[in-house]
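J.:
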Amino acid sequence: MKRRSITKVLVTIFALGIGLCLQGHPGYGMPPVKRSVLANGLVLLVSEEHSLPLVTIELLIDAGSRRDPAGKEGLAYLTAQGLLLGTKKHSEVEINEKLDYMGASLAVSVGRDYTSLRLRVLKKDLTEGLELLLETITEPSFPEEKFHREVRETEAAIQSSEERPEVVAEKAFRKKLFLDSPYSHPVEGTRESLGRIKREDVVKFHSAYYSPNISIFTIVGDVTVKEVEDSIVPKLSAWHHASVAAEHFSTTFAGGPETVEIDRDISQANIIIGHQGIRRENPDFYALTVMNYILGGGGFGSRLVDEIRVKRGLAYSVASFFGAGKYQGSFQIVLQTKNASAREAISLAIEQMKLMQRELVSKQELQRAKKYLTGSFPLRLDTQRELVDFLSRMEYYGLGLNYPERYRSLINSVGREEVLRVARDYLHPDEYILAVVANLKEANMAEPGGSAGE
Amino acid sequence: MRSRRRGKKTKNLWLVLCFLLGSYLSPPPSEAGLREKVSEHVLSNGLKVILLENHKAPVVTFQVWYRVGSRNEQWGKTGLSHMLEHMMFKGTKKYGPEEFSRIVQENGGDENAFTSTDYTAYFENLSADRIQVSLDLESDRMHDLNLQEDDFQTERMVVMEERRLRTEDNPQAYLMEQLEATAFQLQPYHWPTVGWMENIKNLTLADLKSYYHTYYNPANAFLVVVGDFSQKKLLADIEKTYGSLPPGVKPDQEKAIDPPQHGERRIFIKRQAELPFILMGYHVPNLRNGDSYVLEVIATILAGGRSSRFAREFIQKKQLVLDADAENSLLSKDPGLFLISAEPLPGKATAEVEKAIDREIRRLQTEPVGTQELRKAKNLLEASFVSSQDSLFFQAMLLARYEIVQDWRAVDEYPPSIGKVTPQDILRVAKQYLIPENRTVAVLVPLTTEGKKTRGSEFSLESKTVR
């Protein structure tokens, strides 16, 4: 199970776009949250939830793959995975034995913006679990031999993911779209770049970025604010901070239309149509959330699903999203259809983007989008895991503790004209990047003007 | 599964590989037990209602489970249960096609459905104050589905796309399908839940109508609702909406069981793939037999957590595999398979990996498991009990899955049954079930991906008009 982590990385990236589109609401259902900033700069969020004898912790560090130095793509990923290979006090085997004996789980995930460690532990084992978590963060030993094993495994996982067309399509799309950008490369790097990373690089990356002043510690579950203050804060305070160098981030996006086609002996064309997107802090985020819900983010009832799946039966899955990160991400429409329908499905998707720019959405569509987005909020927060995820990201993207209360009015204030405006400003149906992984002959992708489809 | 995401289907490799939560999907903190908290009622038309109040968040999960899955299908009509699941969203006399989803969304809710070998389930997750929406919509489509030819023609295409996505283009899922088709000769688990492509193509509207008529009725279904409500009030509302539905006839649920296997079966599948893959399936009993709990512990000793035998031996020490897993099928309605899977690292032969797996199985049969290691496995299982209770949805699903196999009350037997497992049980059970005579081995042989090429082109779709 462990090695499926590359899948999880990708899912995390997707969730960033989709997840943020789904949050919000009145504050109703939202348990109280206590926020504080420790002397070492660590942000601490605590929320009590006592229905089960269970505690969930997330430590989010602003050390995602965008920090990878050029040529050493995958360094953030290897560093994070390496935390579990041993510490100055415990070997890998000892750490794993301890965690399993407690029935605890400690999962590492790496995204483009941040890295996260999530600990789930029974209340009775909280102290020991927390100590292990902090030990892996502050005193990892990165044993040479195990580091090499980690590299080999990551290389193999990359190779294995090559047989998954949706992964191949996503990688090809990003590579084409992000010309010169820390968001371009796969989180886990490439087989070439991994070969250039040495243990010393990992040690250096760790000491440069694993620092409390760029981290968020969120704890949710069967624990009281007082317990946290009395016995957890002293431990967190002992974590020394480093001075993290200022970041220079820039992206150049490719203009379109441009197509990348990859031939595979498969029955479906895996298609991504997209272009540059937005930053999470863009004030149009909420209007775009509503617009995208109507276009393809809202599942059944969204236009893409209606046109491509419900009316024509061309796909099982079709969706659109803005992957809004700390910096400008991408907009994507993702779908799979039998090879022979590829061209028709692509045309339909692009036509829907254009329609979004041509006409006002109907009042009913707007109402439905708003009702769903504001009304579904409590559904997203009914587990400790979801609550921890939500709180950490709310902090990371600077949304403020009153975000749940603001969300409803942010969404409800969006009008039809504004939906039209953001569709015109942020959708670029004439400048798309198209990635297709398919049996190209069957998909008839080679000659433009071919007659596949109808 | 009707969702846009890659979902988990009971007989699906994705489950084997990534369904951490589900693979040990298990009961709650044992002290209280669910028996005292859950109430069960049976309406006069035969509909069973299972209710569990949980007030930690102002939400509910409303689930309708039908006792029908691919095990109820006939040869030649495979995939019918799943096809019907899709058609359940195509409207009734009262609501038009897709109106169901729209109404739920307008009420801020999520809805979906999933089909397995043993059941078809529909759910809505909603704010607690919107529960009436589920009652109205679900009770209506339990008896008044409006099956139309043109909707069916289109939706059948969608299902074929689903099969392409999940199985045809996924070598490991395809391997799993072939393993089951080889391991089960008599049991309906022989065919995949989604159905064989040739069968899906030939399903008819008449097939769906008679299937709906046979299996969708109050006597062959039950409700599970978990969340922020009052049992008394909700039960009255359920009585109001469901009570008047005509009672149905309980369909025959007895299915043939495969006779004992006499010798290992082995298949090789050649597909375009990057790495080989090995699957081993051993016939095992479900929770009706106490040995199944021993097998739960065995699966955890082999592959639970990062310190499991597979993780330590295969991944950390010998560096043989990218991943290896073991999964028991406790909650399978008919006897299922104990599955072991492994993806060898590049350059490692499948035979070498197989040998290593066999060595671990022999160890289980010959060396008693140490006290500490056994305790660790039990702790892992117990902790995932607790954490699986964190989600209302999974809590409901847990009760329902036990109800499908036997009785939701059996949930409470899980913790003590796991607690009772001894090193001697493990020796005995490993010797009884985990033997070559009782297994099927499926090996994925990757075909080299020659002819795989990338090219960039500037073709444009601008000139293409949409009908």
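Chains as they are written, first to last, in the numbering used here: chain B, 774 to 1227; chain E, 2 to 468.
In this text, a Cβ means the ideal position worked out from N, Cα and C, and glycines have one as well.
As the structure is a computational prediction, the values presented were derived from the model and not from experiment.
Can you tell me the Cα-Cα spacing of D359/E and R808/B, whole angstroms?
T.: 53 Å
J.: First and last residue of the alpha helix (DSSP H) that includes F946/B?
T.: 938 to 950
J.: Indicate whether the contact test is met: 3 or more Cβ pairs, each with one atom in the segment 407 to 415 of chain E and one in the segment 235 to 248 of chain E, closer than 8 Å.
T.: no
J.: Give the interface partners of K57/E over in chain B, defined as CB-CB distance under 8 Å, in chain order.
T.: E822, S824, D1155
J.: Which two residues bound the contiguous beta strand (DSSP E) that contains P345/E?
T.: 337 to 345
J.: Within the chosen definition, does the segment 392 to 399 of chain E reach the segment 39 to 55 of chain E through at least 3 CB pairs nearer than 8 Å?
T.: yes
J.: Between P1177/B, Y1199/B, K949/B, which has its C-alpha nearest V1209/B's C-alpha?
T.: When the alpha-carbon of V1209/B is set against those of P1177/B, Y1199/B, K949/B, the nearest one is in K949/B.
J.: Going by CA-CA distance only, name the one from A1088/B, G1086/B, S1093/B, D1057/B that's closest to I1067/B.
T.: Residue S1093/B holds the alpha-carbon nearest to the alpha-carbon of I1067/B among A1088/B, G1086/B, S1093/B, D1057/B.
J.: Listed in chain order, which residues of the segment 75 to 95 of chain E have Cβ atoms closer than 9 Å to some Cβ of chain C?
T.: Judged by its chain identifiers, the structure shown contains no chain C, and its protein chains are B and E.
J.: Going by DSSP, what residues sit across from S966/B in a beta bridge?
T.: Looking at the DSSP assignment, S966/B forms no beta bridge with any residue, so it has no partner.
J.: From the DSSP output, read off the bridge partner residues of Q133/E.
T.: None, per the DSSP bridge assignment.
J.: Per DSSP, S1075/B is paired with what?
T.: Beta-bridge pairing links S1075/B to F1073/B.
J.: Nearest-angstrom Cα distance between L899/B and M1064/B?
T.: Cα to Cα, L899/B sits roughly 43 Å from M1064/B.
J.: Touching or not, the segment 334 to 352 of chain E and the segment 275 to 285 of chain E, by the rule of three or more beta carbon pairs under 8 Å?
T.: yes
J.: If the criterion is Cβ atoms closer than 8 Å, does the pair T888/B and A930/B meet it?
T.: no
J.: Quick one: residues in its chain with C-beta nearer than 6 Å to the C-beta of G1/E, no 5 flanking neighbours on either side, listed in chain order?
T.: The requested residue 1/E does not occur in the structure, where chain E is confined to residues 2 to 468.
J.: When you measure from the CB of V1195/B to every non-hydrogen atom of the ligand SAH, does any distance come out below 7 Å?
T.: With respect to small molecules bound, the structure shown includes none, and the ligand SAH cannot be examined in it.
J.: Please list the partners that A849/B has in chain E, where partner means a Cβ-to-Cβ separation under 9 Å.
T.: Within 9 Å Cβ-Cβ: nothing; A849/B doesn't reach chain E, min ~21 Å.
J.: Once the 5 residues before and after A853/B are set aside, which same chain residues still bring their CB inside 6 Å of it?
T.: Excluding residues within five positions, the ones whose Cβ falls inside 6 Å are V881, V883, T888.
J.: Report yes or no: do the segment 831 to 850 of chain B and the segment 62 to 74 of chain E share at least 3 C-beta pairs separated by less than 8 Å?
T.: Not touching, per the Cβ criterion.
J.: Going by DSSP, what residues sit across from D111/E in a beta bridge?
T.: N126/E
J.: Does any CB atom of chain B fall closer than 8 Å to the CB of M158/E?
T.: With 8 Å as the cut-off, M158/E counts as an interface residue toward chain B.
J.: Look at F101/E and N113/E and say whether their C-beta atoms are less than 8 Å apart.
T.: no
J.: Pick helix, strand or coil for T93/E, following the three-state DSSP scheme.
T.: Reduced to three states, the DSSP call for T93/E is strand.
J.: Got a sec: is the Cβ-Cβ distance from L166/E to anything in chain B below 8 Å?
T.: L166/E counts as touching chain B.
J.: Along the beta strand (DSSP E) that carries K1214/B, what are the first and last residues, could you check?
T.: For K1214/B, no beta strand (DSSP E) segment is defined; the enclosing uninterrupted segment is the alpha helix (DSSP H) at 1213 to 1216.
J.: Could you check how far apart the C-beta atoms of L892/B and G902/B are, in whole angstroms? I think they sit under 8 Å.
T.: 6 Å
J.: Leaving out the 5 sequence neighbours to the left and right, which residues in its chain are closer than 6 Å to N329/E when beta-carbon positions are compared?
T.: Cβ within range, chain order: L296, E297, A300, F339.
J.: Confirm, please, whether the CB-CB distance from F230/E to V61/E is below 8 Å.
T.: yes
J.: Between L817/B and F990/B, how many whole angstroms is the CB-CB distance? I'm expecting something under 8 Å.
T.: 5 Å
J.: Using a Cβ-Cβ cut-off of less than 8 Å, list which residues of the segment 146 to 157 of chain E approach chain B; keep chain order.
T.: Q154, T155, E156, R157
J.: Relative to the alpha-carbon of R1194/B, which residue among F1150/B, D1203/B, E918/B, V1134/B has its alpha-carbon at the smallest distance?
T.: V1134/B
J.: Enumerate, from N- to C-terminal direction, the unbroken alpha helix (DSSP H) stretches of 4 or more residues contained entirely within the segment 182 to 222 of chain E.
T.: 198 to 203, 206 to 216
J.: Given a cut-off of 8 Å, decide if S308/E and E870/B are closer than it, judged by their beta-carbon atoms.
T.: yes
J.: From this set, V996/B, I868/B, A1113/B, which residue's C-alpha is nearest K1214/B's C-alpha?
T.: Of the residues V996/B, I868/B, A1113/B, the one whose Cα lies closest to the Cα of K1214/B is A1113/B.
J.: Within 8 Å (strictly less), CB to CB, does E169/E reach chain B?
T.: yes
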